[in-house]
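Visitor:
Residue numbers (our numbering), protein chains in the order written: chain A, -19 to 135; chain B, 9 to 352.
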């Protein structure tokens, strides 16, 4: 039997009737059409499905949509401000921190959480923070540089 | 859909959750905390070698459990005495996916870290590993637990994974269970018939098996107040720094009678070298009452290796694991002694 779930996604409140086994990932991608969040491994190894659930970086593939009832979700689609890439996204572009781009949504959300929690993370902090987000193009160096640059850019 | 069909029940109180667990026992019911173990086990395995971390979870119709876990017979423990019984439990017929999940996400009363009046610490079972990792109280007074949190999974796993889930899953390598045992932690289990406290060391009964009853929920974990001149440490030996299960995990808690004086008490817990995390009793015999020096520490570390009962697997051979138990115990005893000295 379907259940009613209310969830605020990128500031917009949605009320949906969903099957209890539906994951937050499926709710975002299939019910709301927000396909920026990717499905990778589905078992909490790769991190590409990362979204912020009440501000906490969370695997959307290992979270039931029901568990997000009453919560606020931020996805990569919500990062841009006034139609322009935000500072972190722009830093990824400027530093070439995107190769195939599949890990980027998860990397961006994990980095967003880090930058909100820590004003001036050092390289070690950044590497540790993204240790659950896998990039198989192995472009980690540029991703680390982009996050560092975004943390320093206070303009 | 990623997951098989099930219904989700959302209790508002612990009592209600216990009732749900007992009411649906026949249809198959599992507790959902952080989901980082359970939801992985519920989905169709990506590789056939995936060993479900909880009995009755896998839905793969042709799934075969390839792992064979040999348990050394033990006279004192009826479950271990049979040796083969745990193996049978893992290789037994596939259970259907649970028809019900009881999701604890509304039970905020099970979250939080609280300093108690007696100097001890109470951590709610639903507290995330990240919260424990970032707690200054935990790092100062119960360092081994903070270091267990540091090394568990990845930051994303730690954000979702819970202390109670890590302990209740009863995995031999659990990064929170091993320090909890060394620190003398006590688990509070609540069921329909009441509440009971049991020492963390007595909780696990085999890989994925524990003393918890069908209608019981692990609600709180209690850590005793640090005594003077004491300290602790945990080290996880693994092939990677993140997203890895330990090859060997060692937690050491030690208290001196006085600065530079003899050892008043010591507890060493060993992970991933037996069917359950092991409290190395021989270390107590080897070290209590002795003044710690390189000779007595080495004797204690050698005693620890005698308590390990590892198997060969893809993470490491039994031979290697035993060597590492000795080395890590020695190293951690030195670390803890240095911490006690530095904290003066």
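Cβ atoms here follow ideal geometry from the backbone N, Cα and C, with glycine treated the same way.
Taking the beta carbon of residue 161/B as the centre, do at least 16 other beta carbons fall within 10 Å, making it buried, or is it exposed?
Guide: On the second chain, residue 161/B is found 153 positions in, with the first residue counted as 1. So residue 161/B ends up on the buried side.
Visitor: Return the CA-CA distance between residue 305/B and residue 88/A, expressed in angstroms with no decimal places.
Guide: Position 297 of the second chain, counted from the start, is the residue given in the question as residue 305/B. Position 108 of the first chain, counted from the start, is the residue given in the question as residue 88/A. Taking the straight line from one Cα to the other gives about 47 Å.
Visitor: So which residues on chain A does residue 115/B lean against when the C-beta distance must stay under 7 Å?
Guide: Position 107 of the second chain, counted from the first residue, corresponds to residue 115/B. By Cβ distance, chain A contributes nothing, its closest Cβ being about 12 Å from residue 115/B, past 7 Å.
Visitor: Can you tell me where the alpha helix (DSSP H) holding residue 27/B begins and where it ends?
Guide: Within the second chain, residue 27/B is the residue found at index 19, counting from 1. Looking at the DSSP string, the run of the alpha helix (DSSP H) that includes residue 27/B is 22 to 31.
Visitor: Consult DSSP for residue 91/A and reduce its assignment to one of helix, strand or coil.
Guide: Taking the first chain and counting its residues from 1, the one referred to as residue 91/A is at position 111. Helix.
Visitor: Let's test the definition: count the other Cβ atoms within 10 Å of the Cβ of residue 49/B and tell me whether it reaches 16, buried, or not, exposed.
Guide: Counted from its first residue, the second chain places residue 49/B at position 41. Classification of residue 49/B: buried, given that the 10 Å Cβ count is 16 or more.
Visitor: In three-state DSSP terms, what is residue 115/B?
Guide: On the second chain, position 107 is the one that residue 115/B refers to. Note: residue 115/B maps to coil in three-state DSSP.
Visitor: Excluding the 5 residues flanking residue 330/B on each side, which residues of the same chain have their C-beta closer than 6 Å to its C-beta?
Guide: Indexing the second chain from 1 puts residue 330/B at position 322. The answer, listed in chain order, is 313 and 316.
Visitor: Would you verify that the beta carbon of residue 127/A is, or is not, closer than 8 Å to some beta carbon of chain B?
Guide: Position 147 of the first chain, counted from the first residue, corresponds to residue 127/A. Chain B contact via Cβ: absent.
Visitor: With DSSP as the reference, label residue 121/A as helix, strand or coil.
Guide: One-based indexing of the first chain puts residue 121/A at position 141. Residue 121/A: helix per DSSP, three-state reduction.
Visitor: Check whether chain B comes within 8 Å of residue 2/A, counting only Cβ atoms and requiring the distance to be less than that.
Guide: On the first chain, position 22 is the one that residue 2/A refers to. Yes, residue 2/A counts as interfacial toward chain B.
Visitor: Which two residues bound the contiguous beta strand (DSSP E) that contains residue 237/B?
Guide: Looking up residue 237/B in the second chain gives position 229. Neither: residue 237/B is in no beta strand (DSSP E) and is coded neither H nor E.
Visitor: Would you please state the rounded distance, in angstroms, between the beta carbons of residue 237/B and residue 264/B? I believe it to be under 8 Å.
Guide: As a first step, residue 237/B is located in the second chain; it is residue number 229 there, counting from the start. As a first step, residue 264/B is located in the second chain; it is residue number 256 there, counting from the start. Rounded, the Cβ-Cβ distance is 4 Å, consistent with contact.
Visitor: Using a threshold of 8 Å, state whether the C-beta atoms of residue 182/B and residue 240/B are closer than that.
Guide: By 1-based counting over the second chain, the position of residue 182/B is 174. By 1-based counting over the second chain, the position of residue 240/B is 232. No, Cβ-Cβ distance for residue 182/B and residue 240/B is not below 8 Å.
Visitor: Is residue 5/A near residue 52/A, with beta carbons less than 8 Å apart?
Guide: Here residue 5/A refers to the residue found at position 25 when the first chain is read from its first residue. Here residue 52/A refers to the residue found at position 72 when the first chain is read from its first residue. Result no, Cβ atoms of residue 5/A and residue 52/A do not sit closer than 8 Å.
Visitor: Taking only runs of the alpha helix (DSSP H) that begin and end inside the region 165 to 230 of chain B, which ones reach a length of at least 4 residues, in chain order?
Guide: Counting whole runs of 4 or more residues, the region 165 to 230 of chain B contains the alpha helix (DSSP H) stretches 171 to 176 and 185 to 190.
Visitor: Could you check if residue 167/B is buried or exposed, using at least 16 other CB atoms within 10 Å of its CB as the buried criterion?
Guide: Numbered from its first residue, the second chain carries residue 167/B at position 159. By the neighbour-count rule (16 or more Cβ atoms within 10 Å), residue 167/B is buried.
Visitor: Can you tell me whether DSSP reads residue 31/A as helix, strand or coil?
Guide: Here residue 31/A refers to the residue found at position 51 of the first chain. Three-state result, residue 31/A: strand.
Visitor: Using a Cβ-Cβ distance cut-off of 8 Å, determine whether residue 154/B contacts chain C.
Guide: Chain labels in this structure do not include chain C; the protein chains are A and B.
Visitor: Examine chain A for any beta-carbon lying closer than 8 Å to the beta-carbon of residue 147/B, and answer yes or no.
Guide: The sequence position of residue 147/B within the second chain is 139, counting from 1. Not closer than 8 Å to any Cβ of chain A, the Cβ of residue 147/B fails to qualify, so no.
Visitor: What are the boundary residues of the alpha helix (DSSP H) that residue 146/B is part of?
Guide: Taking the second chain and counting its residues from 1, the one referred to as residue 146/B is at position 138. Segment 144 to 149, the alpha helix (DSSP H) holding residue 146/B.
Visitor: On the three-state DSSP scale, how would you describe residue 91/B?
Guide: Indexing the second chain from 1 puts residue 91/B at position 83. Confidence at residue 91/B is low in this model, with a pLDDT of 36, below 50, so the placement of that residue is unreliable and no value is reported for it.
Visitor: Does DSSP put residue -8/A in a helix, a strand or coil?
Guide: If you number the first chain from 1, residue -8/A lands on position 12. Reduced to three states, the DSSP call for residue -8/A is strand.
Visitor: When Cβ atoms are compared, which residues of the region 33 to 47 of chain A fall closer than 9 Å to chain B?
Guide: The residues in question are 33, 36, 37, 38, 39, 41, 42, 43, 44, 46 and 47.
Visitor: Who are the neighbours of residue 123/A on chain B, taking C-beta pairs under 7 Å?
Guide: Residue mapping note: residue 123/A aligns to position 143 of the first chain, counting from 1. Correct list: empty, because the minimum Cβ distance to chain B is about 15 Å.
Visitor: Please tell me whether residue 112/A and residue 164/B are closer than 8 Å, where the distance is taken between their beta carbons.
Guide: Your numbering for residue 112/A matches position 132 in the first chain. Your numbering for residue 164/B matches position 156 in the second chain. Yes, the pair counts as a contact, with Cβ atoms nearer than the cut-off.
Visitor: State yes or no: is the C-beta of residue 16/B within less than 8 Å of the C-beta of residue 143/B?
Guide: One-based indexing of the second chain puts residue 16/B at position 8. One-based indexing of the second chain puts residue 143/B at position 135. Contact: no.
Visitor: When you compare each of 3/A, 34/A, -18/A and -1/A to residue -11/A by their alpha carbons, which one comes out closest?
Guide: Taking the first residue of the first chain as position 1, residue -11/A is located at position 9. Selected option, being the one with the closest Cα: 34/A.
Visitor: Taking only beta-carbon positions, decide if residue 106/B is within less than 8 Å of chain A.
Guide: The count along the second chain starts at 1 and reaches residue 106/B at position 98. By this cut-off, residue 106/B is not an interface position.
Visitor: Over what stretch of residues does the alpha helix (DSSP H) that includes residue 315/B continue unbroken?
Guide: Taking the second chain and counting its residues from 1, one reaches residue 315/B at position 307. Element bounds for residue 315/B: 302 to 315.
Visitor: Can you grab the Cα-Cα spacing for the pair residue 225/B / residue 198/B, in whole Å?
Guide: For the purposes of this step, residue 225/B is taken as the residue at position 217 of the second chain. For the purposes of this step, residue 198/B is taken as the residue at position 190 of the second chain. If I take the Cα positions, the gap works out to 5 Å.
Visitor: What residues are listed by DSSP as bridge partners for residue 15/A?
Guide: To locate residue 15/A, count along the first chain from 1; it is residue 35. Answer by DSSP bridge pairing: none, since residue 15/A is not bridged.
Visitor: What are the boundary residues of the alpha helix (DSSP H) that residue 341/B is part of?
Guide: In the second chain, the residue the question calls residue 341/B occupies position 333. Start and end: 326 to 350.
Visitor: Anything in chain B within Cβ reach of residue 109/A, meaning under 9 Å, just list it in chain order.
Guide: Working through the first chain from its first residue, we reach residue 109/A at position 129. Result: 163.
Visitor: State yes or no: is the beta carbon of residue 30/A nearer than 8 Å to at least one beta carbon in chain B?
Guide: Residue mapping note: residue 30/A aligns to position 50 of the first chain, counting from 1. Judged by the 8 Å Cβ criterion, residue 30/A is in contact with chain B.
Visitor: Counting only Cβ pairs nearer than 7 Å, list the residues of chain B close to residue 25/A.
Guide: Along the first chain, one-based indexing puts residue 25/A at 45. The answer, in chain order, is 251.
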